[in-house]
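Engineer:
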Ligand SMILES: CC(C)(COP(=O)(O)OP(=O)(O)OC[C@H]1O[C@@H](n2cnc3c(N)ncnc32)[C@H](O)[C@@H]1OP(=O)(O)O)[C@@H](O)C(=O)NCCC(=O)NCCS
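Residue numbers (the numbering used here): -7 to 155.
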């Protein structure tokens, strides 16, 4: 797997990975509205405080993942988000390898001591992934209604590894 900056073409591919409103919210929280269209991803793509990462399968050269890292030194905030793995590659360790690399990059790019993220409480695959990478739950931040279901949003945090 290789990591590189996300391109506009990648955004088109990612659009095809998100099949309905619940999948969209699970991935990106309240940022977008369904139906998800390219113009919304393009707006997301232009935040100067964010770096946008894509994971490429070394053999097939296919796009296998995307995530972005928000670093706002003025607000003492470093947050990883918009993590998604190509549905055809899920459950094979791609998320683990990819997110680990993005987390390392964040701690190298910033002196902030903690990285944060948000995740829905019932997103078992994501929770397992984050816990295995050293993130711990810090609490339920809020509840939200998605297609008439109540979803809990958890905050997680991970300190920089020192020494
Ligand atoms: C969450 C996501 C990124 C995980 O990526 P992945 O490549 O499938 O994850 P990995 O194969 O690296 O597995 C990571 C861990 O999650 C577990 N896991 C993966 N899929 C799982 C599933 N469907 N149910 C339960 N656990 C699962 C794995 O077992 C592994 O834990 P383990 O080492 O303790 O066994 C991927 O499922 C995804 O893109 N989901 C849709 C978008 C999303 O929800 N993003 C998260 C936003 S917060």
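Beta carbons are placed, not taken as given, at the ideal position from N, Cα and C, and that holds for glycine.
By the three-class DSSP mapping on this structure, what secondary structure does residue 79 have?
Structural biologist: For the purposes of this step, residue 79 is identified with residue 87 of the chain shown, where counting begins at 1. The answer is helix: DSSP assigns residue 79 an H, G or I state.
Engineer: Within a Cβ cutoff of 6 Å, which residues of the same chain sit near residue 142, ignoring the five residues on either side of it in sequence?
Structural biologist: Along the chain shown, one-based indexing puts residue 142 at 150. Only 135 meet the Cβ criterion.
Engineer: Does at least one heavy atom of ligand 1 sit under 7 Å from the Cβ of residue 13?
Structural biologist: The count along the chain shown starts at 1 and reaches residue 13 at position 21. Not under cutoff, so the answer is no.
Engineer: From residue 6 to residue 103, what distance separates their C-alpha atoms?
Structural biologist: Position 14 of the chain shown, counting from 1, holds the residue named residue 6. Position 111 of the chain shown, counting from 1, holds the residue named residue 103. Distance from the CA atom of residue 6 to the CA atom of residue 103, rounded to whole angstroms, is 31 Å.
Engineer: Quick check: the Cα distance between residue -7 and residue 79, rounded to an integer number of angstroms?
Structural biologist: The residue you call residue -7 lines up with position 1 of the chain shown. The residue you call residue 79 lines up with position 87 of the chain shown. Their backbone Cα atoms lie some 16 Å apart in a straight line.
Engineer: Using DSSP with H/G/I as helix, E/B as strand and the rest coil, what is residue 137?
Structural biologist: Here residue 137 refers to the residue found at position 145 when the chain shown is read from its first residue. The answer is strand: DSSP assigns residue 137 an E or B state.
Engineer: For residue 76, which residues in the same chain have their Cβ closer than 8 Å to its Cβ, ignoring the five residues on either side in sequence?
Structural biologist: As a first step, residue 76 is located in the chain shown; it is residue number 84 there, counting from the start. Excluding sequence positions up to five before and after residue 76, its CB lies within less than 8 Å of the CB of 6, 9, 10, 19, 57, 58, 59, all in the same chain and listed in chain order.
Engineer: Say yes only if the C-beta of residue 77 is nearer than 7 Å to one or more non-hydrogen atoms of ligand 1, and no if none qualify.
Structural biologist: As a position in the chain shown, residue 77 is number 85, starting the count at 1. Result yes, Cβ under 7 Å from ligand 1.
Engineer: Can you give, in chain order, each stretch of the beta strand (DSSP E) that sits fully within the region 57 to 113 and has at least 3 residues?
Structural biologist: 69 to 77, 106 to 112
Engineer: Look up residue 20 in the DSSP assignment and say whether it is helix, strand or coil.
Structural biologist: Within the chain shown, residue 20 is the residue found at index 28, counting from 1. Three-state result, residue 20: helix.
Engineer: Please classify residue 133 as buried or exposed, where buried requires at least 16 neighbouring CB atoms within 10 angstroms.
Structural biologist: Within the chain shown, the letter at position 141 stands for residue 133. Label assigned to residue 133: exposed.
Engineer: Quick one: Cα of residue 52 to Cα of residue 14, how far?
Structural biologist: Counting from 1 along the chain shown, the entry for residue 52 is found at position 60. Counting from 1 along the chain shown, the entry for residue 14 is found at position 22. If I take the Cα positions, the gap works out to 29 Å.
Engineer: Give every residue of the same chain whose Cβ lies closer than 8 Å to the Cβ of residue 68, excluding the five residues on either side of it in the sequence, and list them in chain order.
Structural biologist: Here residue 68 refers to the residue found at position 76 when the chain shown is read from its first residue. Cβ neighbours of residue 68 beyond the five flanking positions: 104.
Engineer: Compare the C-alpha of residue 98 against each of 152, 137, 33 and name the closest.
Structural biologist: Counting from 1 along the chain shown, the entry for residue 98 is found at position 106. The candidate whose alpha carbon is nearest that of residue 98 is 152.
Engineer: For ligand 1, any of its heavy atoms closer than 7 Å to the Cβ of residue 124?
Structural biologist: Within the chain shown, residue 124 is the residue found at index 132, counting from 1. For ligand 1, at least one heavy atom lies less than 7 Å from the Cβ of residue 124.
Engineer: I'd like to confirm something about residue 148: is its beta-carbon nearer than 7 Å to some heavy atom of ligand 1, or not?
Structural biologist: Looking up residue 148 in the chain shown gives position 156. Not under cutoff, so the answer is no.
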